[in-house]
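Contents: one structure, followed by commentary.
In the working numbering, the protein residues as written are 1 to 514.
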């Protein structure tokens, strides 16, 4: 009881009465229709079908500040439009506090890697409603992306955490004075299978990207040394090594396995196998006795940091990679690494799984003691490293590999969201954090058929609409706070598109129950 009162004092506790008759489907369709009508193809002399990543919720204009005129564009120089309000209607510090840094926001640009959930939502909407316009809009954007937003020299794409596509000028966009940094987003991109069916020209572009990632992201092919950052137009004068983040192991090897699978060129297929082998074999050598690897290669303090979510992300990805390879020593090495990461995450780490101390999130990679380098030791329900996010990674692996231990561990995390004090939210919660919780609730319901999950998911869904939506716009706010900057702006970096997708899945689950 005391713990529940403490949560209520610190967070936002919502009653669900005001949204009793809410329609999740109508809410999601209004979001999708607004993005299609207002969020694409309206800027520049040659409009594109790409969607804007950031918009003003009231005017649905592109987002820009006079304070960021130092923005770097790649390619043909383009004059930036003058802000209509001269930046006066925005609270810059409050806005940038919403989860991402200033040089990681896609002002007046598109980011196809970052907006992955928007495209998933559009495809699901067409499947559900029979309206082809949603899937067509997604197909048009993704085809345009692969055929127009690729560096001609390296094959790398204008997407991820630091690169986008400037919509008024149709050129690559880098919101940082540090230049044209290519870095993948934090989750595996789910639309490759769809894009591989879009024709030979798109397939070739994806294969060029896979080869470019191997050539230019991996600095040392023999030792498999890389940096999470690469340069869009190739290596700079200094080596890009020292930040071999574990999350890229599964993402990059998956890209290479997909390119291998869809090619009939034996020389290209051999090169993709070489790329996979380089990362897998060298990662196996770098394992600690725990079975995990540090988030850096080298002697700095991060080399002993176990980032558990990154290891959990790899489980389903490595399983997918192995499934695309022929029976061979390489395939067995991929499965060995998968099992090594799985044992560290599922078996060896001691996850308390209480409301305020959920899964171990950061630990010493050797001792497995939680908390290191001022990183938090444990997840909690509504933190940026949430309990739901970790549980979802485990369920993704279970869905791919049928791992009962991973499923059981995930469902223990899901059960924490059934508690009454789970209805108290931090005032600056991001929509993506709520999206993870709703997604987990829906998956837990499907696995257990426990009606309590669906009932609690409905509470979360109605609270999400109250926290992130209002009469200003069908686009969700950047976070749950209610200051002017929050109300006025949409930014998919805080995963509002993911929240809308989660609400649509909740609608489907509730409909099946009825």
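Every residue, glycine too, gets a C-beta built ideally from N, C-alpha and C. If you're wondering where the values come from, they're calculated on a predicted model, not measured in any experiment.
- If you look at residue 490, you'll find it in the beta strand (DSSP E) that goes 489 to 491.
- By the C-beta density criterion, residue 224 is buried, having at least 16 other C-beta atoms within 10 angstroms.
- In this structure, residue 306 and residue 362 form a Cβ contact; the two beta carbons are roughly 7 Å apart against a cut-off of 8 Å.
- Sequence-distant Cβ neighbours of residue 292 in its own chain, meaning closer than 7 Å and more than five residues away, are 306, 311, 341, 344 and 365.
- In summary, residue 161 is buried, with 16 or more beta-carbon neighbours lying within 10 Å of its beta-carbon over all protein chains present.
- In this structure the region 213 to 227 touches the region 251 to 261; the number of beta carbon pairs closer than 8 Å is three or more.
- In summary, residue 131 is exposed, with fewer than 16 beta-carbon neighbours lying within 10 Å of its beta-carbon over all protein chains present.
- DSSP places residue 341 in the helix class (H, G or I) of the three-state scheme.
- For the pair residue 121 and residue 504, the Cα-to-Cα distance works out to about 8 Å.
- From the listed residues 373, 398, 434 and 420, the smallest Cα separation to residue 388 is found for 434.
- Beta-bridge annotation (DSSP): residue 267 is not paired with any residue.
- Per DSSP, the beta-bridge partners of residue 166 are 109 and 171.
- Per DSSP, the unbroken beta strand (DSSP E) holding residue 362 starts and ends at 362 to 364.
- Residue 434 carries a helical assignment under DSSP once its states are collapsed to helix, strand and coil.
- Residue 432 sits away from residue 393, with the two beta carbons spaced by 8 Å or more.
- Residue environment analysis places residue 48 among the buried positions, since at least 16 neighbouring C-beta atoms fall within 10 angstroms of its C-beta.
- The beta carbons of residue 411 and residue 437 sit no closer together than 8 Å.
- The region 345 to 357 and the region 367 to 384 touch, with no fewer than 3 CB-CB distances between them shorter than 8 Å.
- In the structure shown, residue 378 adopts extended strand secondary structure according to DSSP, grouped into three states.
- 165 is the residue among 153, 152, 165 and 123 whose C-alpha sits nearest the C-alpha of residue 53.
- Separation of residue 373 and residue 275 (C-alpha to C-alpha, rounded to the nearest whole angstrom) is 32 Å.
- Contact check between the region 324 to 343 and the region 264 to 279: three or more CB pairs, one atom from each, fall below 8 Å, which counts as touching.
- Rounded to the nearest whole angstrom, the C-alpha separation of residue 455 and residue 24 is 14 Å.
- With contacts defined as CB atoms closer than 8 Å, residue 156 and residue 209 qualify as a contacting pair.
- For residue 414, the closest of 331, 448, 251 and 484 by C-alpha to C-alpha distance is 448.
- Its Cα nearest to that of residue 401, the residue 318 stands out among 332, 318 and 452.
- The residue from 395, 135, 507 and 112 with its alpha-carbon nearest to that of residue 123 is 135.
- The alpha carbon of residue 139 has as its nearest neighbour, out of 148, 106, 191 and 182, the alpha carbon of 191.
- Under the three-state reduction of DSSP output, residue 40 falls in the strand class.
- Taken through DSSP and simplified to helix, strand or coil, residue 373 comes out as coil.
- Under the DSSP assignment, residue 206 falls in the alpha helix (DSSP H) whose first and last residues are 200 to 212.
- Here DSSP, grouped into helix, strand and coil, assigns residue 196 to helix.
- Looking only at 283, 286, 249 and 153, the smallest Cα-Cα distance to residue 232 is reached by 153.
- Taking C-alpha positions only, residue 376 is separated from residue 199 by approximately 46 Å.
- Beta-bridge annotation (DSSP): residue 160 is paired with 183.
- Using a Cβ distance threshold of 8 Å, residue 407 and residue 395 count as a contacting pair.
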